[in-house]
Amino acid sequence: MRVYNTLNSKKEELSTLSPHKVKMYVCGPTTYNYIHLGNARPLVVFDVVRRYLAYRGYEVKYVQNFTDVDDKIINRAREEGDDALLLAERYIEEYFKDADALGIKRADVHPRVSEHIPEIIAAIQTLQEKGFAYEMEGDVYYRVRAFADYGKLSGRSLEDMLAGARVGVDERKENAADFALWKAARAGEPSWESPWGKGRPGWHIECSVMSTKYLGETLDIHGGGSDLIFPHHENEIAQAEALTGKPFVNYWMHNGFITVNNEKMSKSLGNFFILRDILAAYPADVVRFYLIATHYRSPLDFDDAKLEEARKALGRLKTTLLLAAEFHDVNIADSGEVKGKALEFVELIADYRKQFIEAMDDDFNSAKAIASVFEISHRINSYLALAERGDALDQAAIKQAVAIYKELGDVLGIFVEKLRNEEAVVSKVLEIIAVLRQEARSEKNFALADNIRDFLKNLGVSMEDGENGSRLRYERSPQVEELMVYLLALRQELKTNKDYARADSIRDKLKEQGIILEDSREGARWKFADA
RNA sequence: GGGCGGGUGGCGAAGAGGCUAACGCUGUGGUCUGCAAAAUCACCAUUCACCGGUUCAAAUCCGGUCCCGCCCUCCA
Numbered sequence: 000m001r002v003y004n005t006l007n008s009k010k011e012e013l014s015t016l017s018p019h020k021v022k023m024y025v026c027g028p029t030t031y032n033y034i035h036l037g038n039a040r041p042l043v044v045f046d047v048v049r050r051y052l053a054y055r056g057y058e059v060k061y062v063q064n065f066t067d068v069d070d071k072i073i074n075r076a077r078e079e080g081d082d083a084l085l086l087a088e089r090y091i092e093e094y095f096k097d098a099d100a101l102g103i104k105r106a107d108v109h110p111r112v113s114e115h116i117p118e119i120i121a122a123i124q125t126l127q128e129k130g131f132a133y134e135m136e137g138d139v140y141y142r143v144r145a146f147a148d149y150g151k152l153s154g155r156s157l158e159d160m161l162a163g164a165r166v167g168v169d170e171r172k173e174n175a176a177d178f179a180l181w182k183a184a185r186a187g188e189p190s191w192e193s194p195w196g197k198g199r200p201g202w203h204i205e206c207s208v209m210s211t212k213y214l215g216e217t218l219d220i221h222g223g224g225s226d227l228i229f230p231h232h233e234n235e236i237a238q239a240e241a242l243t244g245k246p247f248v249n250y251w252m253h254n255g256f257i258t259v260n261n262e263k264m265s266k267s268l269g270n271f272f273i274l275r276d277i278l279a280a281y282p283a284d285v286v287r288f289y290l291i292a293t294h295y296r297s298p299l300d301f302d303d304a305k306l307e308e309a310r311k312a313l314g315r316l317k318t319t320l321l322l323a324a325e326f327h328d329v330n331i332a333d334s335g336e337v338k339g340k341a342l343e344f345v346e347l348i349a350d351y352r353k354q355f356i357e358a359m360d361d362d363f364n365s366a367k368a369i370a371s372v373f374e375i376s377h378r379i380n381s382y383l384a385l386a387e388r389g390d391a392l393d394q395a396a397i398k399q400a401v402a403i404y405k406e407l408g409d410v411l412g413i414f415v416e417k418l419r420n421e422e423a424v425v426s427k428v429l430e431i432i433a434v435l436r437q438e439a440r441s442e443k444n445f446a447l448a449d450n451i452r453d454f455l456k457n458l459g460v461s462m463e464d465g466e467n468g469s470r471l472r473y474e475r476s477p478q479v480e481e482l483m484v485y486l487l488a489l490r491q492e493l494k495t496n497k498d499y500a501r502a503d504s505i506r507d508k509l510k511e512q513g514i515i516l517e518d519s520r521e522g523a524r525w526k527f528a529d530a
């Protein structure tokens, strides 16, 4: 398994500290707002990395922090007249809603800065004792000159940096590149007692302290967006390695940015899209698919058309699941064995799984891996087109192929059922049925009208005809499934009677409500348009 | 100014010395179908920003040119 390591700009064979175990840390968000799409990329990317490592037999310990003490949070809280820590807490909760929707597995530990102040103070003290830090009027700075390897991650020398550094240099610092470990408290800010007086931690120290606390002095993998390479990760290395004298991280992984019109999506440019808004318009698995259909290190340009394309592509993959489920017949005994043509087919699918693994083994190339998933989808569809529903061999072959297909889909996390409001759907479908009956009545097609009323009655839905149409009352809400089964059967009857106008009208009305009907030789199937 | 990364069909996107340059979207034609959709079959880059070089062999390596993005300031 090979991993691209930012430390030396090469793909390297993954060799973990302990066999079959991975210690992994990913920089989490500063929680002063809802996360935007750019924040979502590393979440999804490293979630896939984590799932894939687990799939390959690694036991992964995954830590992701929350920066809940920071200038941004303090400013935001001040604007809103809120308490900084409470505000941060609130957005942590919102963060989890988004992450859960995207199918991101929770980290084993989600440490927060505010809960690690003593450890951070102790670390700064140690740095000071070792000569890597100095205090200036309640502020503590890291002495970059003292760390010989400074710049090894970002590939720049201290001299390079000084040439460019001219923005707001604090004259008190020994060196322009020195960065804050501890900031003296200003009025109205959250602060903690320390040997340097009241204050709070600088941004970079938290990650060094919390990652090593939960994962040990050396980590296998540390991930984050590539905008963190400098200065954040460079500083993390300087701090952690000065503290422990050991290598901090063996593999540094960085994801590329999301751009809008080829400009980086960022909070400061203001061209960002709140994930919550995107999720209101597109299912989470589509967003997830969009994010991993491109290699994680490549830039990814965002616009609606891209999501639309992802929706269609993923829809194709899901159709295969639907077709296979339709084909599956519980009444046919499955010997579990396949031979002949069926065996060849299953072997072909297994071969694509091998290709999938090869792609993912090569620096988590999910874009390439997805190609194998499409191949499998395609092969299953083709096989299905010729398969016999009553054939035990075909049943077994499809079952095995689909198992592989789902297995790979789950590694990527792209086959997620959308949670939906069942009641809302039911009332929409009921409405359609009611209108249908109304039309039948006005056309004096009482046989059909009564048929509908009887069906509803059996479900516990009563229909009371009044002057202005009919009123629906029901004690318990019927299932979408049973309504659809009925509606489809009814429509089939209409089709048999060549009443195409009415049959098409049903299809159109359902489509308006986000339900797609597709006729096939065996009958009709239905699905949600956004599933 | 310094440090990175990139330019592949109509679009998105893999490929990093040698199989017909994956895969998806779009488009075209056929099958299926009452129609639609879905599925299926077939077609759609002699060519990988440009110029030169290395090699039996280059989209892939080397040199140069032209564009584009990112970092050097909070940012995933």
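Position 311 of the first sequence, counted from 1, bears residue number 310 in numbering that gives the first Met the number 0, the numbering being contiguous throughout. Every residue, glycine too, gets a C-beta built ideally from N, C-alpha and C. The structure displayed is predicted, hence computed values, not measured ones.
- In the structure shown, the three-state DSSP call for N364 is coil.
- With a contact defined as Cβ atoms closer than 8 Å, V62 and P110 qualify at about 7 Å.
- For the 9 Å CB-CB criterion, R171 and E136 form a contact.
- In the three-state reduction of the DSSP assignment, Q63 falls in the strand class.
- In the structure shown, Y133 falls within a strand segment according to DSSP collapsed to helix, strand and coil.
- Rounded to whole angstroms, the gap between the alpha carbons of G412 and R287 is 8 Å.
- As for any alpha helix (DSSP H) of minimum length 4 sitting wholly inside the region 292 to 380, the runs are 303 to 326, 339 to 360, ordered along the chain.
- Spanning the alpha carbons of V59 and R378 requires a straight line of approximately 33 Å.
- DSSP places I91 inside the alpha helix (DSSP H), whose first and last residues are 83 to 100.
- Nearest neighbour of S334 by Cα position, chosen from D409, S519, L36, L392, turns out to be L392.
- In this structure, the beta-carbon distance from D226 to R296 does not fall below 9 Å.
- Taken atom to atom, the span from the alpha-carbon of I403 to that of L126 is near 52 Å.
- Of the residues E192, K182, E233, the one whose Cα lies closest to the Cα of S156 is E233.
- Within 10 angstroms of the beta-carbon of F445 lie fewer than 16 other beta-carbons, which makes it exposed.
- For E11, no alpha helix (DSSP H) segment is defined; the enclosing uninterrupted segment is the beta strand (DSSP E) at 9 to 12.
- DSSP lists R470 as the beta-bridge partner residues of E463.
- In the structure shown, E205 falls within a helical segment according to DSSP collapsed to helix, strand and coil.
- Taking 8 Å as the upper bound for CB-CB distance, I236 and I119 are not in contact here, some 17 Å apart.
- Going by C-alpha positions, S426 is about 30 Å away from A309.
- Three or more pairs of CB atoms, one per stretch, sit closer than 8 Å, so the region 518 to 526 contacts the region 321 to 330.
- In summary, K22 is buried, with 16 or more beta-carbon neighbours lying within 10 Å of its beta-carbon over all protein chains present.
- Of all alpha-carbon atoms in V139, K266, E114, the one lying nearest the alpha-carbon of H35 is that of K266.
- V424 and I432 have their alpha carbons spaced roughly 12 Å apart.
- Straight across, the Cα-Cα distance linking A366 with D81 is about 43 Å.
- Distances from the CA of E521 to each of M209, L383, S476 were compared; the closest alpha carbon is that of L383.
- When DSSP reads this structure, L407 sits in no beta bridge, so it has no partner.
- For V259, the uninterrupted beta strand (DSSP E) run begins and ends at 257 to 259, by DSSP.
- One thing to note: L316 has its Cβ within 9 Å of the Cβ of F414.
- In the DSSP assignment, I514 falls within the beta strand (DSSP E) that extends over 514 to 519.
- Secondary structure at F178: coil, using DSSP grouped into helix, strand and coil.
- In the DSSP assignment, K526 forms a beta bridge with I515.
- Sorting D70, I91, E422, E192 by C-alpha distance to the C-alpha of A121 places E192 at the top.
- With respect to T29, H253 sits apart: the two C-beta atoms are not nearer than 9 Å.
- If the five residues before and after T15 are omitted, its C-beta is found closer than 6 Å to the C-beta atoms of V21, D219, all from its own chain and listed in chain order.
- Judged by their CB atoms, T211 and L242 are nearer to each other than the 9 Å cut-off.
- The beta-bridge partner set that DSSP reports for W191 consists of G198.
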